[in-house]
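> Chains as they are written, first to last, in this note's numbering: chain A, 1 to 729; chain B, 1001 to 1316. Don't be surprised by glycine CBs; every beta carbon is placed ideally from N, CA and C. Here's a structure for you.
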């Protein structure tokens, strides 16, 4: 009784330390993916540890955990505290549809609630593993090392700052490893320790950990000799060429008349935005497609001038019943940017009062002038209301509802060069969809699973007479955002849905500034293009066809309508996005540099990431399987290994020990208190005969009696082979 | 003739009389070869005396029997000095203790004073009376018996005294078939009277010499010590085995290995003999008694728990 009591106390300490360690994994994941609700996940981990601490039966913990996961997902995505019939069936449909997505391997089609469930499951497995490490293996070093490596990696290569994290990890990890080691030692030598003794033994450990961490925090810190390794790596693998050798680089360029061709990433920061959540930064829209690219806007066009602080005339009609609050974004422009980048739902722009703001109606560009001459703003603040689209309304959109009084012809324009097969493709994608929204969604989804690859390098420029979109859709199927977005616009127009091409910047990487405020850093790499489609009764709505990017349009899930929607798309919650977001301002004429080996490999890895994951999983599975059935193949290997060896005691000694291990794998276990001859009897009872006893007699003579000279080694070798072969079956 | 064959002859001879008690015969002989003494604990009539007698007869040794009673005095055991009027001198007349094989029957019935006189001579192999010390001739083997049933008017042996016995054995009832066979044999004649010696005392001494030549590997020594240490930490044990106990077990193992025709000790020897050598040297806590856990069970648990060495380890 006393023993278990001590164990319980100790286990509480051990689990608390493990909790701290696991929390360090969650923190950067939360910070880097903008996932809120850290508390929900921590509660789940706490729950898992608590149930193992109280050693509940599995039939209690399993339902409790599953219930908690459901509730958490429910709470996060539907904002409901209690389950209702509708909400439950919505969750169920979502899970079912995602399971079918899992089967088809369309990983990007997985909805956010299901991703969250998967993340919970991952946490569950991790806590189970930690439990195994603590309670069975009594060794957590592997997890500790993994945590350190992970945090070091994250700290080096991402904006997450792990300064305090590394401190917490060091203290809790070392304590955990040390305490478990004492426990392991006491068990190894069968000397159960009383609580007091245990505490006394742990004191030096505590002292060393505290002293070393105190010392570490006191000593002056040297600046890193190597502040950011990423550019260094790149310059090394690119053979010192530097980044500037290729002419086409990413970034915003107003000229899109000729699209295509490879480009080089450019990490220069364009602007920094202080904004509560991720936003797409819109700069302009284009509507005339030329088969090669997008035509420049005519110089003269209808425009509107307004002062900073005046409301911007918006033609969005979708925001009825919008409960979203007005939020503000302040931007610091670092590189030159001729136009104002603004988020969706922009209502007011505040900047210096002597500035006049101008907005073109057709292109939706906004720029600043002072006394009639154009100038670039250094900083400005935008007040905006994040648009939310009602699922009910989106579903109600019909092709017949287009307002005849509005002239949509510029947004339905298609050049004559666009081949018929593009139209046929568009029809086949959308024919089974009812609402305009679903048709657009179907086209958006089309790129995800029909063999399209994201690639910045091997992207050709269409030849004379060739269409840029047609080439991408049917021939190359690889490209970056321009290819995807232009193609979507053309496909939408092919089925008479008004659409236009949007340019701007993706949200960028978030980091914390000195005041611990969240700042999004938008570089030239974030230059991006996407699509807006006009939905009757809704207005212009953004779509994101480029694979690797997530549609940011906030959708309000009105439960009744989305129940029958197996493909519930992105929810309002912003989720992880892949890093590589670049749009080229590529000029095809100068393509001398060519991709380097590193870039090739990188692009290859990027485009095949899911294949790679799959291959790694399969390989892991096979390796595990091979290891698991090692009792079947190991004997043959052992025989081969020992075939050539000369008959002597050393060989026999090794053979006998390997036989013991093999028999153990086979399933005939020897407890610690069992003598070899008792075990031999057990083995012989299993296989019949008295082979094991014969071998054991010789072994015992050698080990306990020191008689290692005269034996008939070849005969023993035969007996050994015979036994080990039998143990393979 | 090898040592093992010689021993087999003795055992076969005892088998003629004792049916189905080969293990007790083996253990008794082990103790004899190791130079130790045996405490036999069992109810009357299961053949304790017969066992000792047949052993004594088989090796042609002198056999003495002391029946312990409450009024027995130390001098009745050790001997007395009597005044010899012809020589005008005191003359020492050795008591029944001076013999090769001594059966100390119902040892717990006599007073502690007499008990300790016996046990001292067992330990020292000598008798001291009136300042004169007399070496008891080798081999010297005491087999004491005690009845576990009667407690009235008995003086149970203190732990320190129990420590002097190499083994404490329990005879147990014979199996049914063995008992039937015993009756068949006893029908015609008393078998014990016809028993002839099969080895000489000289041969026995040689065997005893052979025991010390049996090799005990360091690995085995460590195993013995592990077992002893485990008795000291077991939660049910109040007093664990003394180092004398470890020493006794090692000696016994050597003798046992010799009997099995080996010149080295295996962990099996240790495991087999440990309950007999350790059983009477540990005292259980009252909790164990209340829970009905016996010494045998405790020894079993201890031996299951201690890891058997299966590789050579250097103990330095």
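If you count every other CB in all the chains shown that lies within 10 Å of the CB of residue 332 (chain A), and 16 or more means buried, which is it?
exposed
> Counting along the chain, where does the alpha helix (DSSP H) carrying residue 294 (chain A) start and finish?
Note, residue 294 (chain A): premise wrong, no alpha helix (DSSP H); not H, not E.
> How would you call residue 727 (chain A), buried or exposed, if buried means at least 16 neighbouring beta carbons within 10 angstroms?
buried
> Within the continuous alpha helix (DSSP H) that includes residue 42 (chain A), where are the two ends?
38-53
> Does any residue of chain A bring its CB to less than 8 Å from the CB of residue 1070 (chain B)?
no
> According to the neighbour-count rule (16 or more other Cβ atoms, all chains shown, within 10 Å of its Cβ), is residue 122 (chain A) buried or exposed?
exposed
> Distance check for residue 716 (chain A) and residue 1078 (chain B), CA to CA, integer angstroms please.
Cα to Cα, residue 1078 (chain B) sits roughly 58 Å from residue 716 (chain A).
> Could you please give the first and the last residue of the uninterrupted beta strand (DSSP E) stretch that includes residue 380 (chain A)?
Taken as a continuous stretch (DSSP letters only), the beta strand (DSSP E) holding residue 380 (chain A) covers 379-385.
> Taking 8 Å as the threshold, find out whether the segment 205-219 of chain A comes into contact with the segment 42-58 of chain A through three or more Cβ pairs.
no
> For residue 582 (chain A), count the other beta carbons within 10 Å of its own beta carbon; 16 or more makes it buried, fewer makes it exposed. Which is it?
Note that residue 582 (chain A) scores 41 on pLDDT, short of 50, meaning its location in the model is unreliable and no value can be drawn from it.
> For residue 32 (chain A) and residue 602 (chain A), I'd like the C-alpha separation in whole angstroms.
Going by the C-alpha atoms only, they are around 22 Å apart.
> Quick one: which unbroken beta strand (DSSP E) runs of 3-plus residues sit fully inside the segment 676-713 of chain A? Chain order, please.
none
> Less than 6 Å between C-beta atoms, sequence neighbours within five positions excluded: which residues of the same chain meet that for residue 655 (chain A)?
642, 720
> Assuming residue 547 (chain A) and residue 103 (chain A) make a contact with CB atoms under 8 Å, what is their CB distance in whole Å?
Residue 547 (chain A) to residue 103 (chain A), Cβ: 19 Å. No contact.
> If residue 1304 (chain B) sits next to residue 673 (chain A), beta carbons under 8 Å apart, how far is it from one beta carbon to the other, in whole angstroms?
4 Å
> Check whether the segment 1079-1098 of chain B touches the segment 1037-1046 of chain B, taking contact to mean three or more Cβ pairs, one atom from each stretch, closer than 8 Å.
no
> So the candidates are A:363, A:485, A:217, A:90; which of them puts its Cα closest to the Cα of residue 164 (chain A)?
A:217
> Please identify the residue among B:1185, B:1301, B:1273 whose C-alpha is closest to the C-alpha of residue 1168 (chain B).
For the residues B:1185, B:1301, B:1273, the minimum Cα distance to residue 1168 (chain B) belongs to B:1273.
> For residue 1093 (chain B), which residues of its own chain have a beta-carbon under 8 Å away from its beta-carbon, when the five flanking residues on both sides are left out?
1079, 1080, 1081, 1082
> Please report the distance separating the alpha-carbon of residue 1116 (chain B) from that of residue 1161 (chain B).
8 Å
> If you reduce the DSSP assignment to three classes, tell me which class residue 1105 (chain B) lands in.
strand
> Please list the partners that residue 674 (chain A) has in chain B, where partner means a Cβ-to-Cβ separation under 7 Å.
Result: 1308.
> Counting only runs that start and end within the segment 337-405 of chain A, where is the alpha helix (DSSP H) found for 4 or more residues in a row?
For the segment 337-405 of chain A, whole alpha helix (DSSP H) runs of length 4 or above, ordered along the chain, are 391-395.
> Could you check if residue 1256 (chain B) is buried or exposed, using at least 16 other CB atoms within 10 Å of its CB as the buried criterion?
Classified as buried, residue 1256 (chain B) has 16 or more neighbouring CB atoms from the shown chains inside 10 Å of its CB.
> Check this for me: beta carbons of residue 1049 (chain B) and residue 1103 (chain B), under 8 Å apart or not?
yes
> Shortest alpha-carbon distance to residue 462 (chain A) belongs to which of A:453, A:454, A:473?
A:473
> Taking one C-beta from the segment 249-263 of chain A and one from the segment 522-535 of chain A each time, how about it: are there three or more such pairs within less than 8 Å?
yes
> Between which two residues does the alpha helix (DSSP H) holding residue 520 (chain A) run?
Not the alpha helix (DSSP H): residue 520 (chain A) falls in the beta strand (DSSP E), residues 518-523.
> In chain B, which residues lie with their C-beta within 8 Å of the C-beta of residue 677 (chain A)?
1266, 1268
> Quick one: is residue 132 (chain A) near chain B, going by C-beta distance under 8 Å?
no
> At a Cβ threshold of 8 Å, is residue 103 (chain A) touching chain B?
Not closer than 8 Å to any Cβ of chain B, the Cβ of residue 103 (chain A) fails to qualify, so no.
> Which bits of chain B does residue 718 (chain A) rub up against, with CB to CB less than 9 Å?
Within 9 Å Cβ-Cβ: nothing; residue 718 (chain A) doesn't reach chain B, min ~23 Å.
> Quick one: which chain A residues come within Cβ less than 9 Å of residue 1298 (chain B)?
Here the premise fails: no neighbours, minimum Cβ distance about 14 Å.
> Along the chain, where does the beta strand (DSSP E) containing residue 1143 (chain B) start, and where does it finish?
1141-1146
> According to the neighbour-count rule (16 or more other Cβ atoms, all chains shown, within 10 Å of its Cβ), is residue 467 (chain A) buried or exposed?
With 16 or more Cβ atoms within 10 Å of its Cβ, residue 467 (chain A) is classed as buried.
> DSSP on residue 478 (chain A), reduced to helix/strand/coil?
strand
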